[in-house]
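Since the structure comes first, as structure tokens, the remarks are kept for the end.
Residue numbers (the numbering used here): -6 to 385.
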């Protein structure tokens, strides 16, 4: 696919939309604005998954060869996406929470963890359970009265004593891009803490450079903007930690020679990121993620970000015509608009009844147009949200 210059609805309609004919056929029945939640897959995804299954039927035990090749390709593409130094910095996981557990279980003793109350449930729940089981000490930093988090507050909590800081680059409820993240990471390192960044709401839609950030760890996945569905997640481990730190969250695929079935004592680990692997991996998850990753890298995250902001500005203006105040559409926000409403969940249901699929997190209704949404859908969605609010 070759789309020169800036993205427009015209060139996307001609070259990108035909790659999504299956899901766009469904979209003819409803307007999908939950692209920040479950991303829409390319048509090719079904064929890729079928290829993984076909290898099983045709090759049985020898299917491990193409399965591992797909896994390595997933690692390589993800490394390119976030500018990781090398492919084995990417440790495939089935969920971002598995990555967090691997990091927690690589730290000695009872590590002191600082996080915010704005972390997504998949991380927040694990942190609270580990705290309640006495596995970690936990400090949760709340937002300011405006609902936004200030890195000054977070840095202060880290300086008070922390071994690990867990922080999202984009907050899942509000879409806040955490400003000053590089400085916060430097401050955490100066205080002796390591940093894990949740980039799930950035990867694929906001340029992300792990080498520039110098974070110790990151978690992300393909569920949202990378159009790869659930189960295709990963943990990034900075190269200098790969062999120096060992996590308890490992399995036999972390062995030096997986299929030799030898048992040296003490155990011998594979080099680099392979030494962070768990047990037998799910083999189809990489297949389901490859088409979305390649599509995103082909277009370019910078251009996708520019188009996303333009769409958000357009939708925000259309909502204003309906007397609806939306937040977002700026560099300090992610890829979705939010509308603060006490009954945001019911509002999302009212929209669904009117043929517009959005979602709510707490008191925030979230709306995320993407490259598959024509402008006409944004016009209609704004009108129907206005109707829903007037009928409430």
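Yeah, the Cβ is synthetic: ideal placement off N, Cα and C, and Gly gets one too.
*Does the distance from the CB of residue 367 to the CB of residue 3 come in under 8 Å?*
no
_Under DSSP, the alpha helix (DSSP H) around residue 178 begins and ends at which residues?_
174 to 183
*residue 226 - partner residues in DSSP beta bridges*: 86, 214
*asked:* Alpha carbons only, please: which of 22, 61, 71, 62 is nearest the one belonging to residue 288?
replied: 71
*Could you name the residues that DSSP lists as bridge partners for residue 326?*
169
*Following the continuous beta strand (DSSP E) through residue 158, name the residue where it begins and the one where it ends.*
157 to 161
_Per-residue DSSP class, three states only, for residue 266_ = helix
*Which residues bound the beta strand (DSSP E) around residue 130?*
130 to 134
*Tell me, please, whether the segment 22 to 33 touches the segment 366 to 380 by the rule of three or more beta-carbon pairs shorter than 8 Å.*
yes
*Can you tell me the Cα-Cα spacing of residue 119 and residue 344, whole angstroms?*
32 Å
*CA-CA distance, residue 294 and residue -4?*
13 Å
*Assign residue 248 to one of three DSSP states: helix, strand, or coil.*
strand
*Does the distance from the C-beta atom of residue 305 to that of residue 330 stay below 8 Å?*
yes
_residue 12 (DSSP reduced to helix, strand or coil)_ = helix
*For residue 234, three-class secondary structure by DSSP*: helix
*Is residue 66 helix, strand or coil by DSSP?*
helix
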